[in-house]
Amino acid sequence: MRIRFALPILLNLVFLASGSSSAPDLALIGAKIYPAPTESPIENGSILIHDGQVLAVGSSPTIKIPRDATVIDCKGLVVTAGFWNSHVISSLPVFFTYANRALPS
């Protein structure tokens, strides 16, 4: 239930922080972070967002949070990377012929 309410609020704060270059930095701290599908998760991780872009991702003790940053405690929450085009319908028969083709050399 906590995630149902926390996630929309978290996404809105990230969106608002990215809208203006004069906005303070945003720090998401204490989350379990999945930086990529093939990497191990970062337990107690932090994400620092500056001018709407991710500036740093890592274990909380390794990320220096600026004094004026807006800090959001994400303990108990999970953050994943934005996997672009992660919804692909490749099980349709039309795609089978493409999967079996040899790549051009």
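As numbered in the numbering used here, residues 2 to 106 make up the sequence shown, in order. Even for Gly, the Cβ is constructed at its ideal location relative to N, Cα and C.
Item to check | Ser47 (DSSP reduced to helix, strand or coil) | outcome: In this structure, DSSP gives Ser47 an extended state, which the three-state scheme calls strand.
Item to check | Thr39 in three-state terms, based on DSSP | outcome: coil
Next on the checklist: Within 10 Å of its beta-carbon, does Ala32 have 16 or more other beta-carbons around it, so buried, or fewer, so exposed?
Outcome noted: buried
Checklist entry - When burial is assigned at 16 or more other CB atoms within 10 Å of the CB, is Ser47 buried or exposed? => result Buried is the label assigned to Ser47, since at least 16 other Cβ atoms lie within 10 Å of its Cβ.
Item to check | Sub-7 Å separation of Thr63 and Tyr35 beta-carbons | outcome: Taking 7 Å as the cut-off, the Cβ atoms of Thr63 and Tyr35 do not count as close.
Checklist entry - Which whole-angstrom value is the C-beta distance of Leu27 and Ala70, which I expect to be below 8 Å? => result 6 Å
Item to check | Sequence-distant residues of the same chain with beta carbon closer than 6 Å to Ile66, five excluded per side | outcome: Ala28
Checklist entry - So, are the CB atoms of Ser60 and Ile73 less than 7 Å apart? => result no
Item to check | Selection from Asn45, Thr39, Pro25 that minimises the alpha carbon distance to His51 | outcome: Pro25
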